[in-house]
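To start, the structure itself, in structure tokens.
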Amino acid sequence: MTVRIAPEAVELLLIRLPLVEPFETSFGRTDVREILLVRVLQDGCEGWGECVTDYAPLYSSECNGTARYVMETFLIPALFGDPLRRVSDWPRRVAFVKGHPMAKAALEMALWDLYGQMVGRSLRDLWGGTKDLVPVGVSVGIHPDVPSLLRTVERYRAEGYQRVKLKIKPGRDHEVLAAVRGAFPDALLTADANAAYRWPRDRAVLVSMDAYRLQMLEQPFPPDDWLGHARLQRALQTPICLDESVTSLATLRLALRLRAGQVINIKPGRVGGYTVARRIHDVCRRRGVPVWCGGMLETGIGRAANVALASLPGFVLPNDLSASRRYWVEDIVEPPFELQPGGYLAVPTGPGLGVRVVRTRLPVQWSQTYRRDGEIRK
Ligand code: OSB
Ligand code: MG
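Quick note on numbering: the sequence shown equals residues 3 to 380 in the numbering used here.
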């Protein structure tokens, strides 16, 4: 039996979901997430995808508005062309659109779920995952003061997260790292700057972070500062982890050749989808480069796909995949993700994403359906 991928319709929905607590990074603060969801329909099956763009282009150049525009103008019409023989043909199908990896990845996620539903196989199974449980950490935003940060870290450690990632920025770094390391001498700690520092201006500030015994320092410099990362890594004991910089297989190879980092954060949205994310995993695994799965404050939809990805054998470090309740009062999927003893999330085993989207829980701001036959419906 060969299944061709040729959805009859695609629905885009924008929802507004409040976070349980505000999340602040070096680029901004979020209280309520505005999230673009994708639903594809074929032969009585449906597949869900989540776009990891935000309301504004703060993390990278994409935002919800650009993703919606590019999907409805270019990507959805491309999906309504010839049937796809495999979901992994999607990156080539949409290569004519330059950039916009998050928009491409959201549709790809929906196609993987759809395909999994049609053939009755889980994403873990389709992608060659080898784990039933994936180790997880928690990403802790910039706090207004040190005592409140220490309380948050204490709470997550008590819940059982395997490592804590602290968001930092210039002026909110040494004080924070020294306090948390002082309070938790044995904790597995990392720090993420989201590109807020500059080479060579901040060389001394960053090199002295070796004192905190961080497992890694994530993305100190802007994505295109390859030489800055390479030069800092030569001066730093702590491994540099690249997030924003790695946008493709080509930039991954550049990073490894230049020794701009020793660890890779894989975010499918940033690299254009799960097909490319798996290839990046494969290259890193062959070369002995440790990887982990990053997060973008996803709902249970994106989380389910990321947990399946993190079940691949090269994901050897705790992932930014926390329990549903770390983000949402009530997740939009059933069952929600719950932290397992020892600090793990369970990899879903049902078809596709392996979770059910609860439509009545979607706080829909707007939605639109696009049909293969050309009709558009609000
Ligand atoms: O850099 O890893 C990041 C959230 C939004 C944008 C960028 C990042 C993050 C996180 C959150 O760190 C991780 C999570 O989803 O738990
Ligand atoms: Mg990051």
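Idealized CB from N, CA, C, for every residue including glycine.
Nearest to residue i (by Cα), restricted to the options the options
i, options, result
"Ala105", "Leu116, Asp115 and Pro93", "Pro93"
"Asp245", "Asp194, Thr362, Gln44 and Arg200", "Asp194"
"Thr240", "Arg363, Ala307, Val278 and Thr192", "Thr192"
"Val291", "Val278, Ile268 and Gln342", "Ile268"
"Gly302", "Ile334, Arg157 and Leu109", "Ile334"
"Trp85", "Tyr346, Thr4, Met218 and Ala325", "A quick correction: the sequence has Pro, not Trp, at residue 85. Nearest of Tyr346, Thr4, Met218 and Ala325 to Pro85, Cα basis: Thr4."
"Val293", "Phe82, Gly263 and Pro146", "Gly263"
"Glu10", "Ala189, Leu116 and Phe339", "Leu116"
"Arg31", "Trp50, Pro59 and Gly46", "Pro59"
"Thr253", "Gly139, Arg6, Arg236 and Gly274", "Gly274"
"Arg157", "Cys47, Arg281, Ala185 and Ala8", "Ala185"
"Ile7", "Pro146, Ala69, Leu15 and Gln119", "Gln119"
"Leu216", "Ala232, Val207 and Leu179", "Leu179"
"Pro222", "Ala69, Glu377, Trp330 and Leu168", "Leu168"
"His283", "Asn308, Glu26, Ala97 and Ser62", "Asn308"
"Val285", "Arg373, Gly376 and Gly316", "Gly316"
"Leu347", "Leu355, Gly139 and Trp201", "Gly139"
"Gly296", "Ser324, Lys100 and Pro343", "Ser324"
"Pro320", "Met73, Ser247, Tyr276 and Cys243", "Cys243"
"Leu251", "Ala279, Arg233, Ala232 and Leu234", "Ala279"
"Val381", "Leu208, Tyr61 and Gly130", "Outside the displayed range of the chain (3 to 380) lies residue 381, so it cannot be described from this structure."
"Glu332", "Ala310, His102, Thr362 and Gly101", "Thr362"
"Ser63", "Pro225, Arg379 and Ser141", "Pro225"
"Leu113", "Gly376, Ile266, Glu48 and Arg327", "Glu48"
"Asp227", "Ser210, Ala197 and Ala108", "Ala197"
Residue i beta carbon near the ligand OSB (any heavy atom closer than 7 Å)
i, result
"Leu219", "no"
"Thr192", "no"
"Met111", "no"
"Ser63", "no"
"Glu300", "yes"
"Gly345", "no"
"Thr27", "yes"
"Gly263", "no"
"Ser324", "yes"
"Gly296", "yes"
"Ser369", "no"
Any non-hydrogen atom of the ligand MG within 7 Å of residue i CB
i, result
"Asn66", "no"
"Gly30", "no"
"Asp245", "yes"
"Asn321", "no"
"Gly271", "no"
"Asn196", "yes"
"Asn267", "yes"
"Gly83", "no"
Cβ neighbours of residue i in the same chain (closer than 7 Å, five flanking residues each side left out)
i, result
"Glu336", "Val357, Arg358 and Val360"
"Tyr57", "Glu36, Cys65 and Asn66"
"Ile17", "Ile37, Leu39, Leu364, Pro365, Val366 and Gln367"
"Ala189", "Arg159 and Val166"
According to DSSP, residues forming a beta bridge with residue i
i, result
"Gly51", "Val40"
"Ala11", "Leu43 and Arg373"
"Trp294", "Asn267"
"Trp368", "Leu16"
"Tyr117", "Partner(s): none; Tyr117 has no beta bridge."
"Ala348", "Leu135"
"Val166", "Val140 and Leu191"
"Val2", "For the chain, the structure presents residues 3 to 380; residue 2 sits outside this window and is missing."
"Leu251", "Partner(s): none; Leu251 has no beta bridge."
"Cys243", "Glu220 and Val265"
Beta-carbon proximity list for residue i, same chain, < 6 Å, skipping 5 on both sides
i, result
"Val148", "Ala181"
"Val54", "Met104, Gly271 and Met298"
"Ala213", "none"
"Ile78", "Val12 and Tyr372"
"Arg374", "Glu10 and Phe82"
"Ser90", "Thr277"
"Leu151", "His145"
Cβ neighbours of residue i in the same chain (closer than 8 Å, five flanking residues each side left out)
i, result
"Asp33", "Pro20, Leu21 and Pro24"
Near the ligand FMN: residue i beta-carbon under 7 Å from a heavy atom
i, result
"Ser90", "The ligand content of the structure shown is limited to the ligand OSB and the ligand MG, which means the ligand FMN is not among them."
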